[in-house]
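Notes to accompany the following structure.
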Ligand code: FES
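Numbering (the numbering used here), first residue to last: 11 to 197.
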């Protein structure tokens, strides 16, 4: 009986692993669904400038986050096929960034995942007073000057960051997200 249970358990585990690989493969095959990666540029996700390439100067100094998507340089596809690809751009005086954060910033611009690691809401609010990113679902706050560390609220970990560089003033991804985009499903 125990053996049968063990076999069923490992078959289930194998099935889940295969399914996970299939999802990953589908993501890799479709540039719109693939996560941002080295060499990508960024475009505004919404608003009057939707689809326009974002330059360093387009990101307001010490202001609210710009919500954007990465663009695959090979195909020109905007990576908006998954909401988990949302990226937040913010700009600060480079001297005000924490050491680990300044290493991945470009001219003071930092980039983070726009998906809250608590239960997956969009991180779309901004505290003007504290200059923190805010998830309005359950009020988690993240410090964008310090690797999006959790300041308060139920989020279990910081937002994954995305390293940047600037090419003639245009923002370019210098790599992928620092961690997988994960959150707990709400019941
Ligand atoms: S989903 Fe962001 S704080 Fe709960």
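Positions of the beta carbon are idealized from the N, C-alpha and C atoms, including for glycine.
- Cα atoms of residue 113 and residue 119: separation of roughly 11 angstroms, rounded to the nearest angstrom.
- C-alpha of residue 140 to C-alpha of residue 132: approximately 19 angstroms in a straight line.
- Taking C-beta atoms as the reference points, residue 194 and residue 111 fail to come closer than 7 angstroms.
- In this chain, the beta strand (DSSP E) harbouring residue 162 covers 159-162.
- A contact is defined here as three or more CB-CB pairs under 8 angstroms, and the region 86-99 fails this definition with respect to the region 145-153.
- With a contact defined as Cβ atoms closer than 8 angstroms, residue 48 and residue 185 qualify at about 5 angstroms.
- Judged by beta-carbon spacing, residue 54 lies within the 7 angstroms limit of residue 60, meaning their Cβ atoms are closer than that value.
- The beta carbon of residue 64 is closer than 7 angstroms to those of 52, 53, 54, 76, 78, 99, 181 in its chain, skipping five residues each way along the sequence.
- Comparing alpha carbon positions, the residue from 191, 134, 43, 124 closest to residue 81 is 43.
- In this structure, the C-beta of residue 78 stays at least 6 angstroms away from each heavy atom of ligand 1.
- For residue 56, the closest alpha carbon among the candidates 93, 39, 85, 73 is that of 93.
- With a threshold of 6 angstroms, the Cβ atom of residue 129 counts as near ligand 1, since some heavy atom of the ligand is closer than that.
- For the options 126, 89, 187, 175, the alpha carbon positioned closest to that of residue 162 is the one of 126.
- As DSSP reads the structure, residue 175 sits in a beta bridge with 182.
- Of all alpha-carbon atoms in 173, 103, 73, the one lying nearest the alpha-carbon of residue 144 is that of 73.
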